[in-house]
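Presented below is the structure to which this report refers.
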Amino acid sequence: MHIATIILAAGSSSRLGEPKQLLTNNGKTLVRQITETALSLQTGPVIIVLGANQARIQAELAGLPVQLIQNPGWQEGMASSLRTGLNCLPDTAIDSFLVLLTDQPFVTPALLQELIDTRQKTNRGIVACQYGEADFLGVPALFASRYRSEFMNLSGDVGARKLIKQHVDDCAAVPFPLATVDLDTKQDVENWQSPRSSLPL
12 MHIATIILAA GSSSRLGEPK QLLTNNGKTL VRQITETALS LQTGPVIIVL
62 GANQARIQAE LAGLPVQLIQ NPGWQEGMAS SLRTGLNCLP DTAIDSFLVL
112 LTDQPFVTPA LLQELIDTRQ KTNRGIVACQ YGEADFLGVP ALFASRYRSE
162 FMNLSGDVGA RKLIKQHVDD CAAVPFPLAT VDLDTKQDVE NWQSPRSSLP
212 L
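In my numbering, the protein residues as written are 12 to 212.
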């Protein structure tokens, strides 16, 4: 399978007060960590959509074989960044595309490979991560290329989760309990950086 990866890194992290993309984990910024994780799959192009704090985030990705795209309308919300990334995909040769965020520090190559393997086993058009509750599915998620046109019709601060909900009958799930670790506020970051025993298993 030829799979593209779109990493959404355009947000301003207004609730946190500093760019969450530049928070560090084991000596690496989160944006570099997720980018290297995506590159390790070696499945196709990796596209990073930038917006706020573009220069600082771009500097963190120096030397990596990725495509950096500026979203001039990043303030609209996640939908505009998804459209920007998808516009950069070649019209042919892409079977599927992964959608990743920068603020999920526990995403691993093994998790992403499990999404790919599950798509091959089930032939479902969407493979999404299950966050704990059986009906709560979200990113990281893998979409068949046929869903590209539906993403292009999204607007506002909505993203992949909306399409997953709309097409749940075409969706397979991969458990990812640590997806619930969110980094939207300073308290979230403190909880994440505290001893790992306090995190959900």
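Each residue gets a CB set at the ideal place from its N, CA and C atoms; glycine is no exception.
Mind checking D102: buried by the 16 CB within 10 Å criterion, or exposed? exposed
If distances are taken between C-alpha atoms only, which option among G88, S107, G149, M89 comes closest to V118? G149
Enumerated in chain order, which unbroken segments of the beta strand (DSSP E) with a length of 3 residues or greater are wholly contained in the region 31-113? 57-61, 78-81, 107-112
Give the secondary structure of Q141 by DSSP, where H, G and I count as helix, E and B as strand, and everything else as coil. strand
Compare the beta carbon distance of L126 and V110 with 7 Å and say whether it is the shorter of the two. no
What does the alpha-carbon distance come out to for the pair G28 and G96? 25 Å
What number of angstroms, rounded off, separates the C-alpha of Q86 from the C-alpha of Q78? 21 Å
Round the Cβ separation of A15 and P76 to the nearest angstrom and send it over; I've been treating them as touching at under 8 Å. With a Cβ gap of about 13 Å, A15 and P76 do not count as contacting.
Specify the secondary structure class of P188 as computed by DSSP and reduced to three states. helix
Please report the residue range of the alpha helix (DSSP H) in which F162 lies. 159-163
P151 versus S205 - alpha carbon distance: 24 Å
So, with DSSP's three-state summary, where would you put T196? coil
Which class does L27 belong to by DSSP, given the choice of helix, strand or coil? coil
So what does A21 bridge to, in DSSP terms? DSSP output for A21 lists no bridge partner at all.
What three-state label does DSSP hand A155 in the structure shown? strand
Candidates L153, L122, S25: which alpha carbon is nearest R130's? L153
What did DSSP end up calling L212 once you bin it into helix, strand or coil? Any reading at L212 must be qualified, since the residue scores a pLDDT of 41, below 50, and its modelled position is unreliable; no value is offered.
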